[in-house]
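Worksheet for the structure shown next.
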Amino acid sequence: MVKRCTQYFLVLCLLISGAASARGLPELTELIEDNSPAVVKINTVDRNRVARGNSSPQYQQEIPDIFRHLLEPRRRQQRPVASMGSGFIISDDGYIVTNNHVVDGADKVTVTLTDRREYEAEVIGTDVRSDLALLKIEADDLSAVRWGDSEELKVGEWVVAIGSPFGLDYSASAGIVSAMGRSIPNESRENYVPFIQTDVAINPGNSGGPLFNLNGEVVGINSQIYTRSGGSIGLSFAIPASLAQDVVAQLKEKGRVDRGWLGVGIRNVDRDMAEALGLGKPSGALVEQVSPGTPAAEAGIKAGDVITSFDGRKIGVHGDLPHVVGQIRPGTEVPVELMRKGKSERLRVVVGALPGSDGERTQAASHPATSIGGRLGVVVEEIPDGMKQRWNVETGVLVKQVIPGKPGAKAGLRSGDIIAQLGFEEVGDIKDYKTVVKELPEDELLPIRFFRAGQSTFRTIKIES
Numbered sequence: 056m057v058k059r060c061t062q063y064f065l066v067l068c069l070l071i072s073g074a075a076s077a078r079g080l081p082e083l084t085e086l087i088e089d090n091s092p093a094v095v096k097i098n099t100v101d102r103n104r105v106a107r108g109n110s111s112p113q114y115q116q117e118i119p120d121i122f123r124h125l126l127e128p129r130r131r132q133q134r135p136v137a138s139m140g141s142g143f144i145i146s147d148d149g150y151i152v153t154n155n156h157v158v159d160g161a162d163k164v165t166v167t168l169t170d171r172r173e174y175e176a177e178v179i180g181t182d183v184r185s186d187l188a189l190l191k192i193e194a195d196d197l198s199a200v201r202w203g204d205s206e207e208l209k210v211g212e213w214v215v216a217i218g219s220p221f222g223l224d225y226s227a228s229a230g231i232v233s234a235m236g237r238s239i240p241n242e243s244r245e246n247y248v249p250f251i252q253t254d255v256a257i258n259p260g261n262s263g264g265p266l267f268n269l270n271g272e273v274v275g276i277n278s279q280i281y282t283r284s285g286g287s288i289g290l291s292f293a294i295p296a297s298l299a300q301d302v303v304a305q306l307k308e309k310g311r312v313d314r315g316w317l318g319v320g321i322r323n324v325d326r327d328m329a330e331a332l333g334l335g336k337p338s339g340a341l342v343e344q345v346s347p348g349t350p351a352a353e354a355g356i357k358a359g360d361v362i363t364s365f366d367g368r369k370i371g372v373h374g375d376l377p378h379v380v381g382q383i384r385p386g387t388e389v390p391v392e393l394m395r396k397g398k399s400e401r402l403r404v405v406v407g408a409l410p411g412s413d414g415e416r417t418q419a420a421s422h423p424a425t426s427i428g429g430r431l432g433v434v435v436e437e438i439p440d441g442m443k444q445r446w447n448v449e450t451g452v453l454v455k456q457v458i459p460g461k462p463g464a465k466a467g468l469r470s471g472d473i474i475a476q477l478g479f480e481e482v483g484d485i486k487d488y489k490t491v492v493k494e495l496p497e498d499e500l501l502p503i504r505f506f507r508a509g510q511s512t513f514r515t516i517k518i519e520s
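Per my numbering, residue 56 is the first one in the sequence shown, and the count goes up by one each step.
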């Protein structure tokens with residue numbers, strides 16, 4: 056009798072435990088059904104790049120020329136490179152958010168809705184540093200998402216992604232928030248996005264799609280995955296909605312994004328450094344260098360200071376500082392807390408504008424957003440020292456943004472390229488670039504030389520009248 060009661064008790068416990076577990080799992084069907092109509096599939100075509108067939112096998116090199124054609128495979132027809140991604144509608148007048156890398160360099164961007172309607176999209180603006188792009192379609196009866204507060208997200212919270220992985224339309228996947236504020240430098244070693252890390256299954260084609268909380272609000276934009284296989288291994292990263300909303304607002308207003316800038320070189324504080332500097336624990340951003348004439352120098356920040364708070368936000372690790380500074384509008388005065396020689400100090404700093412965007416601001420002030428990038432449709436800046444060392448280049452200018460449909464895009468330029476020659480003139484720096492571009496003739500095919508991942512490439516470019 057005791058044994059039978061014990062068995063009944065165990066079964067009862069298992070049933071109760073199972074019911075509790077079932078109650079703990081979220082019900083996602085309504086969320087997915089309500090929000091799928093606002094998610095779009097994006098296809099792009101880059102006519103300046105072509106897909107080529109494989110080269111001839113090694114053994115054919117040993118065959119006499121007179122017979123080689125008998126064994127060579129038929130040449131594949133070269134065709135424009137096509138790519139795909141996801142996006143989502145943010146307003147019923149047709150504005151769409153996606154990743155910059157989804158549309159970067161594209162000649163044609165096509166948006167497909169859940170009801171199979173297709174529209175050619177206009178690229179309103181792109182931002183390389185946040186990997187965001189704003190598109191626009193002319194359509195009626197559109198569903199739009201609701202923005203959520205990514206600052207309220209907590210590790211362990213359930214989130215849902217909707218997109219088109221590998222072209223499989225409107226697929227949904229779910230998981231939890233694994234970490235917040237991940238620092239992942241881009242190709243230029245810049246770090247302005249505090250990524251949301253999740254274990255949601257994100258794959259190629261999900262890029263630019265929305266990440267929802269359980270209230271059906273967009274809290275992130277899926278952007279990157281960490282993988283060794285090309286598919287999901289449970290490490291995906293999304294751009295926080297709080298950052299994205301500011302970027303989108305600026306792109307919509309002026310076609311570009313202005314970011315705050317401090318002008319310091321920083322590093323993490325380890326245990327030994329914390330002890331040497333009189334800190335209670337390793338935290339903050341250690342200032343290694345302050346460039347003369349920068350906002351930091353004018354505010355009195357010195358090498359050896361440890362910045363612990365900026366604009367009221369705690370700086371836990373050094374990667375937190377660019378996240379905070381970059382989101383502050385240039386010209387804003389904010390408080391800074393730091394440790395100097397073991398003592399706490401408070402300063403106030405007027406945040407500057409991130410270098411490389413001065414030309415963008417000047418041009419945009421007197422021209423519409425469609426003329427950003429000048430005659431080539433290319434936004435450039437000086438090459439960071441780290442990139443010069445990495446790719447072993449000494450001169451040139453770094454491409455930060457390529458406007459679709461403009462001469463630079465048609466020549467095949469992409470963000471991250473380094474322009475070294477235009478026409479028959481060498482480009483040493485920004486000053487050279489501006490001078491050369493100004494003198495380029497119209498309606499003539501001209502040579503352009505640039506570096507991509509350290510490899511020198513020649514193409515042609517034409518500035519149409």
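Every residue gets a Cβ at the ideal spot worked out from N, C-alpha and C, and that includes glycine.
Local Cβ density within 10 Å of residue i, reported as buried at 16 or more and exposed below that
i       : result
Ser-520 : exposed
Phe-292 : buried
Pro-390 : exposed
Gly-264 : buried
Lys-398 : exposed
Glu-436 : buried
Ala-188 : buried
Asn-270 : exposed
Ala-176 : buried
Thr-387 : exposed
Asp-159 : buried
Ile-251 : buried
Asp-472 : buried
Gly-286 : exposed
Contacts around residue i, its chain only, beta-carbon distance under 6 Å, and the 5 residues preceding and following it disregarded
i       : result
Leu-477 : Val-491, Ile-503
Leu-501 : Gly-478, Ile-516
Ala-161 : Thr-99, Asp-101, Pro-459
Thr-349 : Gly-318
Gln-418 : With a pLDDT of only 32 at Gln-418, under the threshold of 50, the placement of this residue in the model should not be trusted; the figure read from the coordinates follows. Here the set comprises nothing.
Residue i vs residue j beta-carbon contact at 7 Å
i       : j       : result
Lys-96  : Gly-149 : no
Arg-184 : Tyr-281 : no
Gly-432 : Ile-458 : yes
Val-273 : Leu-208 : no
Ile-276 : Ala-299 : yes
Glu-173 : Thr-181 : no
Phe-143 : Val-152 : yes
Ala-408 : Pro-439 : no
Val-452 : Val-482 : yes
Val-380 : Gly-441 : no
Ala-296 : Ser-205 : yes
Ile-370 : Leu-376 : yes
Asn-154 : Asp-186 : yes
Ser-233 : Asp-254 : yes
Ile-231 : Gly-203 : no
Neighbourhood of residue i by C-beta distance below 8 Å, restricted to the same chain and skipping five residues each side
i       : result
Tyr-225 : Ser-91, Val-94, Lys-96, Thr-169, Ile-217, Gly-218, Ser-219
Gln-344 : Val-319, Gly-320, Ala-358
Ala-351 : Leu-317, Gly-318, Val-319, Val-342, Val-345, Val-404
Arg-322 : Ala-340, Leu-341, Glu-343, His-373
Ala-227 : Leu-83, Ile-87, Ser-91, Val-215, Ala-216, Ile-217
Met-10  : Shown here, the chain extends from 56 to 520; a query on residue 10 therefore has no answer.
Phe-513 : Pro-502, Ile-503, Arg-504
Residue i, enclosing alpha helix (DSSP H) - first and last residue
i       : result
Asn-90  : 84–90
Ala-331 : 326–331
Glu-308 : 296–309
Leu-376 : 375–381
Glu-353 : 350–354
Asp-440 : 440–446
Lys-465 : 462–465
Asp-487 : 485–494
Val-158 : 155–158
Start and end residues, beta strand (DSSP E) containing residue i
i       : result
Arg-323 : For the sequence presented, residue 323 should be read as Asn rather than Arg. Taken as a continuous stretch (DSSP letters only), the beta strand (DSSP E) holding Asn-323 covers 319–323.
Pro-259 : Premise fails: Pro-259 is in no beta strand (DSSP E) and is neither H nor E.
Lys-22  : Examination of residue 22 is not possible in this model, given that the chain is present from 56 through 520 alone.
Asp-313 : Neither: Asp-313 is in no beta strand (DSSP E) and is coded neither H nor E.
Asp-204 : Counting along the chain, Asp-204 falls outside any beta strand (DSSP E), and DSSP gives it neither H nor E.
Thr-450 : Taken as a continuous stretch (DSSP letters only), Thr-450 belongs to no beta strand (DSSP E), as it is neither H nor E.
Val-404 : 398–405
Tyr-174 : 173–175
Thr-253 : 249–253
Val-214 : 213–218
Glu-436 : 433–436
Val-389 : 388–395
Asn-277 : 272–280
Cβ neighbours of residue i in the same chain (closer than 7 Å, five flanking residues each side left out)
i       : result
Phe-221 : Asn-258, Pro-259, Gly-260
C-beta neighbour in chain D for residue i, strict 7 Å
i       : result
Lys-443 : As a matter of chain content, chain D is missing from the structure shown, which is built from one protein chain.
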